[in-house]
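Note sheet for the following structure.
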Amino acid sequence: PGASFFHRFVLWGASELPFSASPPPCAPSLILSPSISPTFLTSWTRPLLPLCSHLCLLSQFLTSPQMAEDLDIPEVPEEDELDDMGGDDYEAPPPSGSQQEGEEKEIGNAGLKKKLVKAGEGWEKPESGDEVKVHYTGTLLDGTKFDSSRDRGEPFTFKLGQGKVIKGWDQGIITMKKGEQAVFTIPPALAYGEIGSPPTIPPNATLTFDVELLSWASVKDICKDGGIFKKILVEGQKWETPKDADQVTVTYEAKFEDGTVFAKSPEEGVEFYVKDGHLCPAISKAVKTMKKREKVLLTVKPQYGFGEWGSEARDYHMAVPPNTNLSIEMELLSWKTVDNITDNGKVTKKILNAGEGYEKPNDGAVARLKYIAKLEDGTVFDKKGYDGEDLFEFVTDEEQVIPGLDKAVGTMKKGEVAIITISPEYGFGAVEKKTDLALVPSNSLLTYEVELVSFTKAKESWDMSTPEKLEAAAKKEGRRKCSL
């Protein structure tokens, strides 16, 4: 069947070529035949021949009996065989490795067995370090019950893979899905061993546990050194996470191990750049792993808190003793993406409002926008498109505005609002600039709050006529010479 697929693919393609009106029985003989007249091999068909030839040879190789035997490829039933199987009612077997309800399988090679009682939901399973919540009933092989969370009416919670329970539990529960119920048969070596757990569990006892995985909370070792553990309390939205350059807004409440609150953000949150950090190093490291509206509980060791020296009281936190472990509950409310427009970071763009669609102005596009331009001290030196004034309009890549503004607008989408920060070399450089509103000193850092209202893209090169292409090339060369 594989060969016939490849042959049909190549042959029907070949049937469109001028030298063949209908597909012959073997594609390779067609393509490689020396009897084909060269006059039929047009300039557009000739490049296809090596590809078709290789595909056909590959199909013969892959579908040869020897290859099928070497790769243990099962034969595909013919149509009449499928009819015998029940046609549309035929159900494919479950995926390899899956477990059916009532089936018992061994986990690992130490004698741990798992019998599936009730299948779980979805495909996710807990990972080592996650905080899992289960109901269970433990019995000896003779049926004697020695423990049950169900009898107590309260689920049991523990951290998976941290040695908080017997090895059989750590190795077994990590294979379960949410809502799954299974019976584990655990040998002594993975339970209480030669000693047992008197008086309820005798020495060398094989145990059975009927376990239901109710839920789990993801707990991650952020720095992979045990310094910051992050437990997700509320899942975030979408999939994006902040970068070092981004400006985030978070709320938090930080406590000592005894529960004393030593720092707390205002209800509206605090805003800071990730790279600059806030309160202690743990917050900036954790926030880079969080999604919007995600809420977490951080367990922080001193090296990511206030270290071996602690800290004196500040405006936003109490004094922190040396070598103090911390607990921080934090929520990422939002963030503003900050992009480097130039590779050297001399022009950056902080997005206040994402635009529409995905298209952006190309070179030669007509951009229509409004902006407020300020010096580093907040002095407004230019303003366009406000107070009833017409929108500011310019052609990109035509040196009609300063280079930093030109480059940044070229990265914006329709309706996008952003704050663009421009270093002197992409602004007015080492010269003073007098505007109607203020004097711009030499070597000034500039900020533009820009809204790209609309734009009209220039013709792409493939849509241009030859004279238009020549004109565009001449303009580009002229700009290049001027910049030298």
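Residue numbers for the sequence shown follow this note's numbering, beginning at 1270 and rising by one. Built from N, CA and C at the ideal position, the CB exists for glycine as well. Computed from a predicted model, the values in this text were never measured in an experiment.
Within the segment 1627-1678, the complete alpha helix (DSSP H) segments of 4 residues or longer fall at 1672-1678, listed in chain order.
Scanning the segment 1500-1568 for uninterrupted beta strand (DSSP E) segments of 3 residues or longer gives 1516-1525, 1530-1533 and 1539-1542, listed from N- to C-terminal end.
DSSP places Ser1484 inside the beta strand (DSSP E), whose first and last residues are Leu1476 to Ala1486. Contact annotation: the segment 1644-1652 does not touch the segment 1727-1747, with fewer than three C-beta pairs closer than 8 Å. Rounded to the nearest angstrom, the gap between the Cα atoms of Gly1576 and Asn1592 is 6 Å. In the DSSP annotation of this structure, the continuous segment of the beta strand (DSSP E) that includes Gln1450 starts and ends at Gln1450 to Ile1455. DSSP, reduced to helix, strand and coil, places Glu1400 within a strand of the structure shown.
The shortest CA-to-CA distance from Pro1535 to any of Glu1668, Ser1397 and His1586 is the one to His1586. By the Cβ rule, the segment 1389-1396 does not count as touching the segment 1461-1479, because fewer than three pairs are nearer than 8 Å.
Residue pairing from DSSP places Trp1604 in a beta bridge opposite Val1517. Put simply, of Val1530, Arg1421, Asp1515 and Asp1584 the residue whose alpha carbon is nearest the alpha carbon of Lys1554 is Asp1515. Here Leu1621 has Lys1605, Val1686, Ala1687 and Ile1688 as same chain residues with Cβ atoms under 7 Å from its own Cβ, once five neighbours each way along the sequence are excluded. Boundaries around Ser1418 are those of the alpha helix (DSSP H), Ser1418 to Arg1421, since no beta strand (DSSP E) includes it. With a threshold of 16 other beta carbon atoms within 10 Å, Tyr1627 falls short and is exposed.
Pairing Ala1677 with Lys1618 gives a Cβ-Cβ distance under 8 Å.
For Lys1436, the uninterrupted alpha helix (DSSP H) run begins and ends at Lys1436 to Ile1442, by DSSP. The C-alpha of Lys1615 lies about 16 Å from the C-alpha of Gly1679. In the three-state reduction of the DSSP assignment, Lys1738 falls in the helix class, which pools H, G and I. When secondary structure is reduced to three states using DSSP, Glu1577 falls in the coil class, being assigned neither helix nor strand. Residue environment: Gln1506 is assigned as exposed (fewer than 16 neighbouring CB atoms within 10 Å of its CB, all protein chains considered). Across the structure, Gly1389 and Ile1691 are spaced so that their CA atoms are roughly 55 Å apart.
With fewer than three CB-CB distances shorter than 8 Å, the segment 1423-1431 does not count as touching the segment 1363-1383. The residue from Asp1675, Gly1684, Ser1596 and Ile1491 with its alpha-carbon nearest to that of Val1530 is Ser1596.
Under the DSSP assignment, Phe1425 falls in the beta strand (DSSP E) whose first and last residues are Phe1425 to Lys1428. Note on Glu1625: under 16 other CB atoms within 10 angstroms of its CB, so exposed under the neighbour-count rule. By the Cβ-count criterion, Gly1696 is buried, with 16 or more other Cβ atoms from all chains shown falling within 10 Å of its own Cβ.
Remark: fewer than three beta-carbon pairs, one from each stretch, lie closer than 8 Å, so the segment 1433-1445 and the segment 1493-1501 are not flagged as touching.
Here DSSP, grouped into helix, strand and coil, assigns Leu1714 to coil. Annotated three-state conformation of Asp1490 is strand, per DSSP.
A check of alpha carbon separations from Ala1699 across Ala1707, Ser1713 and Leu1706 identifies Ser1713 as the nearest. The criterion of a C-beta distance shorter than 8 Å is satisfied by Val1543 and Asp1513.
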